[in-house]
Amino acid sequence: MVTVVVAAALVHAGIVGAQTADPVLLAAGDIADCGRTQDEATAALLDAYPAATVATLGDNVYENGTAQEFSDCYGPSWGRHKARTRPSAGNHEYQTSRASGYFGYFGAAAGNPAEGWYSYDLGAWHVVVLNSNCSDVGGCDAGSPQEQWLRSDLVAHPARCTLAYWHHPRFASGLPTSSM
14 MVTVVVAAAL VHAGIVGAQT ADPVLLAAGD IADCGRTQDE ATAALLDAYP AATVATLGDN
74 VYENGTAQEF SDCYGPSWGR HKARTRPSAG NHEYQTSRAS GYFGYFGAAA GNPAEGWYSY
134 DLGAWHVVVL NSNCSDVGGC DAGSPQEQWL RSDLVAHPAR CTLAYWHHPR FASGLPTSSM
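Using the working numbering, read the sequence shown as starting at 14 and increasing by one per residue.
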């Protein structure tokens, strides 16, 4: 399991202070596993930025994204940041039927349970959360419901600064690779 916290290196280097007027977005994926303790360490990094928005990049909890795993494994560490979290679903969430543990845990913050994509504004930025579990949400190709929604969302939110995130990598140097 690999956990990445965007801006963590900057925090430790003292380049970015804990107090800032600009919005801060911290992100990580492949987060919690009851058999490991790294999620407690990364959750502690988030504590230094209480006003930051937290983006999860999927595989929020291992192994199968069940409601019990969210309660027992994600909740004790990253759960304290739930109110400011903007999640995205990973393939492990979909190992539970229709990602029910994920949508049950995050509720409306995770978007429509039949879709799993949504957007929000953060300062001057428009942020789009896509669901890269294509076979579970009606596809991701041109003409798919998600692609049609994305086109409409971008027209409705013509922000100069737009960011999108999702679980599966666009490019990978190893296997498996993404076809997005």
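Glycine included, C-beta positions come from ideal geometry on N, C-alpha and C.
Same chain, Cβ closer than 8 angstroms to residue i, five either side skipped, listed in chain order
| i | result |
| --- | --- |
| Asp85 | Cys47 |
Buried or exposed (CB count within 10 angstroms, at least 16 for buried), residue i
| i | result |
| --- | --- |
| Ser186 | exposed |
| Thr66 | buried |
| Phe184 | exposed |
| Pro171 | exposed |
| Pro63 | exposed |
| Ala112 | buried |
| Ser110 | exposed |
| Arg101 | Just to set this straight, residue 101 is Ser in the shown sequence, not Arg. Buried, because 16 or more other Cβ atoms sit within 10 Å of the Cβ of Ser101. |
| Gly103 | buried |
| Gly78 | buried |
| Gly194 | Because the chain in this structure spans residues 14 to 193, residue 194 falls outside the shown range and cannot be described. |
CA nearest to the CA of residue i, picked from the options
| i | options | result |
| --- | --- | --- |
| Ala129 | Asp154, Trp138, Trp91, Pro158 | According to the sequence as given, residue 129 is Gly; it is not Ala. Taking only the C-alpha atoms, the option nearest Gly129 is Pro158. |
| Asp72 | Phe83, Thr66, Ala121, Asp154 | Phe83 |
| His105 | Gly42, Ala169, Val37 | Gly42 |
| Trp91 | Arg111, Ala40, Tyr107 | Ala40 |
| Leu167 | Tyr133, Trp179, Asp154, Gly78 | Tyr133 |
| Asp60 | Asp35, Thr79, Thr98, Gly78 | Thr98 |
| Ala45 | Val37, Gly88, Tyr118 | Gly88 |
| Asp52 | Val37, Pro36, Tyr75 | Tyr75 |
| His94 | Thr50, Tyr118, Gln108 | Tyr118 |
| Pro36 | Trp162, Ala54, Ala68, Arg49 | Ala68 |
| Gly120 | Ser165, Ala96, His180 | Ala96 |
| Asn146 | Ala34, Leu70, Ala56, Leu38 | Leu70 |
| Ala127 | Thr79, Gly151, Leu135, Gly156 | Gly151 |
| Tyr115 | Leu135, Ser148, Tyr131, Gln81 | Gln81 |
| Ala34 | Glu160, Asp154, Leu135 | Leu135 |
7 angstroms CB neighbourhood of residue i in its chain, flanking five on each side removed
| i | result |
| --- | --- |
| Ala177 | Val141, Leu143 |
| Ala122 | Thr98, Arg99, Pro100 |
| Ser165 | none |
| Gly30 | Confidence is the limiting factor: at Gly30 the pLDDT is only 49, short of 50, which leaves the residue's position unreliable, though a coordinate-based value still follows. For Gly30, where only same-chain residues beyond five positions count, there are no Cβ hits under 7 angstroms. |
Neighbourhood of residue i by C-beta distance below 6 angstroms, restricted to the same chain and skipping five residues each side
| i | result |
| --- | --- |
| Cys174 | Ala137, Trp138 |
| Ala56 | Ser90, Trp91 |
| Asp149 | Tyr107 |
| Trp179 | Ser101, Leu143, Ser145 |
DSSP beta-bridge partners of residue i
| i | result |
| --- | --- |
| Ser132 | Val141 |
| Ala177 | Val141 |
### Query
Can you list, in chain order, the stretches of the beta strand (DSSP E) that have 3 or more residues and sit fully within the region 137-167?
138-142
### Within the region 75-105, ranges of the beta strand (DSSP E) (whole runs, at least 3 residues)
none
#### Entry: Length at least 4, wholly inside the region 30-79: the alpha helix (DSSP H) runs in chain order
51-60
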